[in-house]
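Numbering (our numbering), first residue to last: 6 to 132.
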C-alpha cells in the first residue's frame, strides 16, 4: 500500500508541476511536456520513496495533499484550464491524440477521486 500511496502523491504533484510548466511557451518549444510529466512523475516517486525511509508521514497526509494540490491548481489555473491542460500533455506524452480530452479527464477524475476516498476511509478507519 505504501508504493501505491507514493505513486498517487507523486502523480498529484507531477500533474500540478507539469500544468504550471505547460504555460511557458519557451519550454513548449524545446520539450515535449508529456514526456516531462512522466519524467517528473518517476523522479517524484523515487524522491518520495527515499524521503519516506527517513521521515514517515502521518495518517491523513494523502488527504491533505490531494486537497492542497487540487486547490492550488484551481487557484492558479482555473477550472477550465485544469480540464484541458493535463489531458493535453498526457495525450502528447503517450502519442494518443485520437483519445478525447473527456476520456482522459474521466480516467484522471476516477484516479484522483478514488485515491482521495481510499485515503479518507483509511484515515477515518484509523481513528
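Idealized CB from N, CA, C, for every residue including glycine.
Computed from a predicted structure; not experimentally measured.
Residue i to residue j span [Cα, whole Å]
i: residue 3; j: residue 23; result: No information on residue 3 is available, as it lies outside the stretch 6 to 132 that the chain covers here.
i: residue 73; j: residue 17; result: 10 Å
i: residue 88; j: residue 47; result: 23 Å
i: residue 28; j: residue 81; result: 11 Å
i: residue 133; j: residue 51; result: The question about residue 133 has no answer here: the residues shown for the chain are numbered 6 through 132.
i: residue 34; j: residue 44; result: 17 Å
i: residue 76; j: residue 115; result: 17 Å
i: residue 106; j: residue 83; result: 17 Å
i: residue 121; j: residue 66; result: 11 Å
i: residue 112; j: residue 90; result: 14 Å
i: residue 57; j: residue 117; result: 21 Å
i: residue 7; j: residue 26; result: 28 Å
Residue i (DSSP reduced to helix, strand or coil)
i: residue 64; result: coil
i: residue 19; result: helix
i: residue 36; result: coil
i: residue 29; result: coil
Nonlocal neighbours in the same chain, by C-beta distance under 6 Å from residue i, ignoring five residues either side
i: residue 100; result: none
i: residue 15; result: 46, 49, 50, 53
i: residue 40; result: 98
Own chain residues within Cβ distance below 8 Å of residue i, not counting five before or after
i: residue 64; result: 127, 128, 131
Whole-Å CB distance - residue i paired with residue j, under 8 Å assumed
i: residue 124; j: residue 68; result: 5 Å
i: residue 98; j: residue 21; result: The Cβ separation is near 16 Å, so there is no contact.
i: residue 42; j: residue 95; result: 7 Å
Inside the segment 69 to 122 only - beta strand (DSSP E) runs reaching at least 3 residues: none
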